[in-house]
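Residue numbers (the working numbering): 82 to 608.
Here is the structure we will look at, set down as structure tokens.
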């Protein structure tokens with residue numbers, strides 16, 4: 082790096098100017114980048130001491146006093162002094178000698194030379210976080226167990242098939258993330274990681290968990306995604322501090338009864354599994370807050386689901402569920418209930434006991450009617466009844482005094498009940514792809530309505546009371562077979578957008594046309 086010029090020893094590099102002018106925090110180095118600098122220097126006939134044509138001299142890392150993050154990717158750099166690295170807290174070091182890195186706390190190996198890693202792993206004694214990405218070896222060296230300060234191990238996109246038994250010696254490890262590997266099993270020694278709080282295994286070939294998994298007494302989150310797992314061991318119930326269990330795209334057909342022993346579990350996600358039923362012990366999860374069941378073969382919920390009295394969100398989607406148990410009404414803290422793409426044919430009367438429910442989404446179900454008790458949901462703010470078999474709404478719908486949004490899309494409704502007018506907090510009303518022929522006169526009582534969307538219905542006219550919707554700002558009447566608009570529409574003084582696409586509208590009066598001219602945005606009509 083030193084160059085003798087005019088009998089003076091000088092340290093000059095391409096970073097000399099930058100290191101004095103800028104506080105460089107991060108540096109990304111790769112072969113093409115360095116070669117571009119050299120080409121640039123050759124173009125302007127710069128002298129060798131100004132831009133030395135070797136990587137070590139070109140870098141002058143130690144001059145970048147504020148450097149914190151160094152990315153050296155697939156560049157062969159071997160002559161840098163460890164003192165130049167010591168203050169840098171994170172390095173992505175690929176295809177380089179590891180001997181320099183013994184003082185570092187966080188290293189990202191990307192495409193590292195396999196023999197170099199095997200021979201030097203145990204020397205990185207100060208390491209706290211290790212990232213291994215696109216790593217060709219099928220196993221980690223036993224020396225990994227010597228990394229006594231390691232707290233985080235992250236392995237992605239490698240051919241790793243198993244972890245060494247020495248992994249159990251990493252007594253300070255708190256987080257393991259292994260994804261897109263060929264991992265088939267975990268060693269029994271995994272149970273020795275008593276400080277482990279997070280374990281994520283994703284897109285691997287893992288077929289089973291060892292019984293020792295139950296020894297991870299401090300584990301808070303366990304994610305098993307896209308694995309070959311067919312069952313969970315009974316020992317899973319020993320994870321007394323587990324708060325979140327996420328199982329997705331596995332082949333699990335049933336959960337062990339011991340699942341009910343997870344006394345601190347607050348979130349359970351069961352997604353894209355082959356689960357057919359839940360064990361009765363699920364009712365013992367008394368602090369469970371969120372339960373998500375998606376793309377499973379589930380046909381029913383156990384009666385003791387009602388014991389989950391702290392449940393606030395229940396999401397069931399793409400299952401074979403045909404009905405809900407009466408005990409569902411015991412979920413008095415439930416705030417959101419989603420049942421989507423199921424075979425649900427009816428709701429139990431006990432649904433009305435969910436007095437804390439704020440959002441109810443019934444989408445793509447076989448529901449033909451709502452129970453009268455639906456009107457007891459006095460805190461319900463959002464009701465989505467989308468692509469159901471509903472032919473009518475119960476009169477009790479008008480008792481939903483907190484409702485702000487109602488979506489009736491893809492149902493078989495021919496009319497709306499007069500009680501709709503009692504929904505005086507309703508802000509948005511969507512009716513689409515129904516068989517609706519008319520609106521009730523009471524529609525005009527919805528004085529807080531700001532958006533009214535009616536599309537692909539057989540609505541031939543609007544009631545005069547439409548003009549009472551004094552806060553309406555957006556009115557969509559798309560493909561509704563309307564021939565005219567009532568004069569009362571002139572009273573909608575806050576309307577700034579109207580969509581009349583797909584309507585005959587053959588008899589609009591001059592004053593209606595003048596009014597439409599005054600609206601900021603008009604669709605579907607040439608004015």
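Glycine included, C-beta positions come from ideal geometry on N, C-alpha and C.
Remember, it's a predicted structure, so these values are computed and weren't measured experimentally.
* Quick one, are the C-beta atoms of residue 520 and residue 544 less than 8 Å apart? -> At a Cβ-Cβ threshold of 8 Å, residue 520 and residue 544 count as neighbours.
* Asked: In angstroms, rounded to a whole number, what distance separates the CA positions of residue 481 and residue 427?
  -> The alpha-carbon atoms of residue 481 and residue 427 are separated by roughly 19 Å.
* Assuming residue 565 contacts residue 586 under a Cβ cut-off of 8 Å, what Cβ separation, rounded to an integer in Å, is found between them? -> The pair is a contact, with the Cβ atoms about 7 Å apart (cut-off 8 Å).
* To do: Leaving aside the five residues before and after residue 336 along the sequence, list all residues of the same chain whose C-beta is less than 6 Å from its C-beta, in chain order.
  => Cβ within range, chain order: 360.
* To do: Would you give the residue range spanned by the beta strand (DSSP E) that residue 418 belongs to?
  => Note, residue 418: beta strand (DSSP E), 417 to 421.
* Just the Cα atoms here: how many angstroms apart are residue 505 and residue 526? -> Straight-line Cα distance between these residues: approximately 7 Å.
* Please confirm whether residue 438 and residue 466 have their CB atoms less than 8 Å apart. => Contact flag unset, no.
* Asked: Terminal residues of the continuous alpha helix (DSSP H) containing residue 594?
  -> Annotation: the continuous alpha helix (DSSP H) that includes residue 594 extends over 591 to 599.
* To do: Please go through the segment 207 to 254 and give each complete beta strand (DSSP E) segment of 3 or more residues, from N-terminal end onward.
  => Here the runs fully enclosed are 210 to 214, 233 to 237.
* Asked: Going straight from the alpha carbon of residue 250 to that of residue 224, what length do you get?
  -> About 10 Å.
* residue 383 versus 364, 370, 311, residue with shortest Cα-Cα distance -> Of the candidates 364, 370, 311, the one whose C-alpha sits nearest the C-alpha of residue 383 is 364.
* Since residue 413 contacts residue 436 with CB under 8 Å, what's their CB separation in whole angstroms? -> Yes, residue 413 and residue 436 are in contact; Cβ-Cβ is about 6 Å, under 8 Å.
* **Residue nearest to residue 268 in terms of C-alpha spacing, selected from 407, 463, 290, 340** => Cα-wise, what sits closest to residue 268 is 290.
* Strand pairing of residue 378, partner residues [DSSP] -> As computed with DSSP, residue 378 is found in no beta bridge at all.
* **Reduced DSSP category for residue 108 - H, G, I as helix; E, B as strand; rest coil** => Caution applies to residue 108, whose pLDDT of 41 falls short of 50 and renders its modelled position unreliable; the model cannot decide the point.
* Same chain only: Cβ atoms within 6 Å of residue 579, ignoring 5 sequence neighbours per side -> Closer than 6 Å at Cβ, skipping near neighbours: 556, 600, 603.
* **Local conformation of residue 553 per DSSP, three classes** => Under the three-state reduction of DSSP, residue 553 is assigned to coil, being neither helix nor strand.
* Who does residue 373 pair with in a DSSP beta bridge? -> In the DSSP output, where bridge partners are listed per residue, residue 373 has 350, 396.
* Work out the CA separation of residue 390 and residue 308 for me, nearest whole Å. => Straight through space, the alpha carbons of residue 390 and residue 308 are spaced by roughly 32 Å.
* **8 Å CB neighbourhood of residue 554 in its chain, flanking five on each side removed** => Hits under 8 Å: 531, 532, 575, 576, 577, 578.
* Asked: With residue 418 and residue 395 assumed to form a contact (beta carbons below 8 Å), what rounded beta-carbon distance in angstroms separates them?
  -> Contact between residue 418 and residue 395 holds: their C-beta atoms lie close to 5 Å from each other, under 8 Å.
* What's the call for residue 343, buried or exposed, on a 16-neighbour Cβ count within 10 Å? -> The residue in question, residue 343, is buried, as its Cβ has 16 or more Cβ neighbours within 10 Å.
* Asked: Is it true that the CB of residue 315 sits closer than 8 Å to the CB of residue 348?
  -> Result no, Cβ atoms of residue 348 and residue 315 do not sit closer than 8 Å.
* **C-alpha distance - residue 592 paired with residue 446, whole-angstrom precision** => Their Cα atoms are separated by approximately 45 Å.
* Asked: Which residue or residues does DSSP assign as beta-bridge partners of residue 304?
  -> DSSP, once it has assigned bridges, lists 281, 327 as partnering residue 304.
* To do: Using only alpha-carbon positions, find the residue among 451, 420, 461, 424 that is nearest to residue 440.
  => Nearest C-alpha to residue 440: 461.
* **residue 233 versus 254, 246, 241, 245, residue with shortest Cα-Cα distance** => Answer by Cα proximity: 254.
* To do: Identify which residue in 368, 496, 306 has its Cα closest to the Cα of residue 322.
  => Nearest option by C-alpha distance: 368.
* Asked: CA-CA distance, residue 219 and residue 262?
  -> Rounded to whole angstroms, the separation of the alpha carbons of residue 262 and residue 219 is 9 Å.
* Following the continuous beta strand (DSSP E) through residue 578, name the residue where it begins and the one where it ends. => Unbroken beta strand (DSSP E) run through residue 578: 578 to 580.
* Taking DSSP as the reference, what is the three-state secondary structure of residue 474? -> Look at residue 474 here: in three-state DSSP terms it is coil, with no helix or strand label.
* To which residues of the same chain is residue 319 closer than 6 Å at the C-beta, ignoring the five residues directly before and after it? -> Excluding positions up to five away in sequence, the list reads 295.
* Asked: When DSSP labels each residue in this structure, what does residue 483 get in the three-state scheme?
  -> Look at residue 483 here: in three-state DSSP terms it is coil, with no helix or strand label.
* Asked: Which stretch, first to last residue, makes up the beta strand (DSSP E) that contains residue 440?
  -> 440 to 444 is the extent of the beta strand (DSSP E) around residue 440.
* Using only the heavy atoms of the ligand PLP, determine whether one of them is closer than 7 Å to the beta carbon of residue 525. => The ligand PLP is absent from the structure shown, which contains no ligands of any kind.
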